[in-house]
Amino acid sequence: MLLATVKEEIEKQNDKQTQTITETISKTIEEQLLPIKKENEAMKSEILLLRLKVKYLELETRKNNVLLHGVEETENNNLELMSTVIELFNVPCTTEQAEEEKHDWDKWELSSIYRVGKMTEGKIRPIKISCTLTWRRNEILKKKKNGKKDSYPKNEGSQSIWKVCNNKEWQTNYTRQNGT
0 MLLATVKEEI
10 EKQNDKQTQT
20 ITETISKTIE
30 EQLLPIKKEN
40 EAMKSEILLL
50 RLKVKYLELE
60 TRKNNVLLHG
70 VEETENNNLE
80 LMSTVIELFN
90 VPCTTEQAEE
100 EKHDWDKWEL
110 SSIYRVGKMT
120 EGKIRPIKIS
130 CTLTWRRNEI
140 LKKKKNGKKD
150 SYPKNEGSQS
160 IWKVCNNKEW
170 QTNYTRQNGT
């Protein structure tokens with residue numbers, strides 16, 4: 000009997016020691032993890048802020064974009080493409096528009112211009128135009144809106160279709176390409 004009570008007391012002491020050791024270890028681990036948790040939360044909030052900034056910058060860079068469909072591919076390089084587009088912008092469609100609006104487009108007003116997509120026979124690739132100034136982009140869209148079916152002159156046998164690069168459209172294309 001004495002042996003049984005001694006065993007019980009030893010087991011109780013072992014349980015108390017085990018419990019105090021586990022509590023001490025868990026407290027020290029929590030104390031050491033607390034700064035890491037705070038840093039992790041700060042990083043998460045910073046990542047969220049940076050994601051919002053990136054989204055805003057992506058929208059700002061796309062804001063001045065316009066897609067031009069239906070212009071024949073007769074150019075050999077981007078300089079010829081730019082001069083073709085500038086000629087297209089500077090030529091009024093009707094005599095009424097020539098009197099109302101004067102078009103003086105320069106090369107510096109277009110920051111980038113290129114054909115979108117792979118070159119295939121029988122298919123005309125659209126032209127992506129990035130204007131340097133928002134009011135110039137708006138002028139393109141205003142002329143398209145105020146004009147009748149075709150507000151800019153077109154090449155023979157081709158259709159002149161204008162399209163604003165919609166942010167949602169670009170976002171879905173970006174998501175499809177990058178998987179994010």
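Numbering that gives the first Met the number 0 numbers the first residue of the sequence shown as 0 and each following residue consecutively. A virtual CB, placed ideally from N, CA and C, is assigned to each residue, including glycine.
- Judged by beta-carbon spacing, E72 lies within the 8 Å limit of R124, meaning their Cβ atoms are closer than that value.
- Annotation for N39: the continuous alpha helix (DSSP H) segment containing it runs 1-61.
- L2 is classed as exposed because its beta carbon has fewer than 16 other beta carbons within 10 Å across all chains shown.
- By the criterion of at least three beta-carbon pairs nearer than 8 Å, the segment 102-120 is in contact with the segment 67-85.
- For the 8 Å CB-CB criterion, L67 and I128 form a contact.
- Beta-bridge pairing by DSSP links S111 to S129.
- In summary, N75 is exposed, with fewer than 16 beta-carbon neighbours lying within 10 Å of its beta-carbon over all protein chains present.
- Per DSSP, the continuous alpha helix (DSSP H) segment holding V84 begins and ends at 77-89.
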